[in-house]
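Q: Sharing a structure here in structure tokens format.
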Amino acid sequence: DGFHEKLARTALDGRIDARLAGEDQSATATLAQPGLRLAIEASRQGEQVEVTRLVVNHRGGRLDGQGRIRLDGPQAFAADLRFSGIDPSAFVDAPSAQLTGSTRLEGSLALDWQLRGRFELRDSRLRGHSVSGNGSVTADARRVATRGTVLRLGDNELRLDGAFGGPRDSLSYRLDARQ
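FYI, in our numbering the residues of the sequence shown are 126 to 304.
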């Protein structure tokens with residue numbers, strides 16, 4: 126059917142230019158469909174893939190980023206993303222929103238995957254309510270931990286500290302739900 130059931134269908138059209146010379150490869154692409162434009166510049170040297178430029182424009186929203194991944198060993202990766210007015214429901218099965226903020230992610234994708242990340246949301250909307258927050262998260266297949274994570278939806282605020290999944294983990298939360 127599609128690439129993945131949670132991803133939105135696309136009909137992208139455009140140009141891809143590639144240089145394939147042994148272990149030194151590079152590509153640039155500009156793809157578009159009504160309401161969506163994607164531009165990417167990437168290169169591969171040996172087992173290292175680097176995305177030096179990623180730009181997605183969608184109905185007034187924009188995402189900019191860069192990142193890298195190793196294709197061998199633990200498949201280590203890192204990515205920096207900045208977004209303004211992006212609606213995730215255009216790309217995945219999620220509620221409609223307008224999200225503005227940034228995130229930094231790193232980790233590994235191999236069998237014992239792990240993720241570390243920081244995020245900031247500001248001037249954003251979800252289901253007609255303002256949304257903001259920031260925090261840090263570490264996760265693997267067995268455990269999730271966070272420090273100082275704060276999420277606000279309208280007048281409601283959720284604070285998270287701690288971890289869950291491990292035998293001695295403790296996650297504390299404070300929910301101030303006024304709305």
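Ideal placement from N, C-alpha and C gives every residue a C-beta, glycine not left out.
1. Is Gly-210 near Gly-192, with beta carbons less than 8 Å apart?
2. So the candidates are Leu-196, Arg-241 and Gly-279; which of them puts its Cα closest to the Cα of Val-262?
3. Taking the DSSP output, what are the residues bridged to Ser-209?
4. Opposite Glu-231 in the DSSP bridges: which residues?
5. Can you give me the Cβ contacts of Asp-197 inside the same chain, cut-off strictly under 6 Å, excluding the 5 residues immediately before and after it?
6. By the three-class DSSP mapping on this structure, what secondary structure does Ser-255 have?
7. Whose C-beta lies closer than 8 Å to the C-beta of Phe-202 among residues of the same chain, with five residues either side of it excluded?
8. Could you give the C-beta distance for Leu-251 and Ala-288, rounded to a whole number, given that I count them as a contact under 8 Å?
9. For Ser-214, name the three-state secondary structure that DSSP assigns.
10. Name the DSSP beta bridge partners of Leu-283, please?
11. Helix, strand or coil for Gly-127, going by three-state DSSP, please let me know.
12. Decide if Ala-266 is buried, meaning its Cβ has at least 16 other Cβ atoms within 10 Å, or exposed.
A: Working from what's here:
1. Contact annotation: Gly-210 and Gly-192 have beta-carbon atoms that are not nearer than 8 Å.
2. For Val-262, the nearest C-alpha among the options comes from Arg-241.
3. In the DSSP output, where bridge partners are listed per residue, Ser-209 has Arg-187.
4. Note: Glu-231 sits in a beta bridge opposite Ala-203 and Arg-241.
5. Here the set comprises Glu-172.
6. Strand.
7. Answer for Phe-202: Gly-192, Arg-193, Ile-194, Arg-195, Leu-230, Glu-231, Gly-232, Ser-233 and Leu-234, listed in chain order.
8. Taking 8 Å as the upper bound for CB-CB distance, Leu-251 and Ala-288 are not in contact here, some 26 Å apart.
9. The answer is helix: DSSP assigns Ser-214 an H, G or I state.
10. Answer by DSSP bridge pairing, in chain order: Leu-276 and Leu-300.
11. Reliability of the predicted coordinates at Gly-127 is poor, the pLDDT of 46 falling under 50, and the value obtained from them is presented with this limitation in mind. In this structure, Gly-127 counts as coil in the three-state DSSP scheme.
12. Here Ala-266 is exposed: its Cβ has fewer than 16 other Cβ atoms, across all protein chains shown, within 10 Å.
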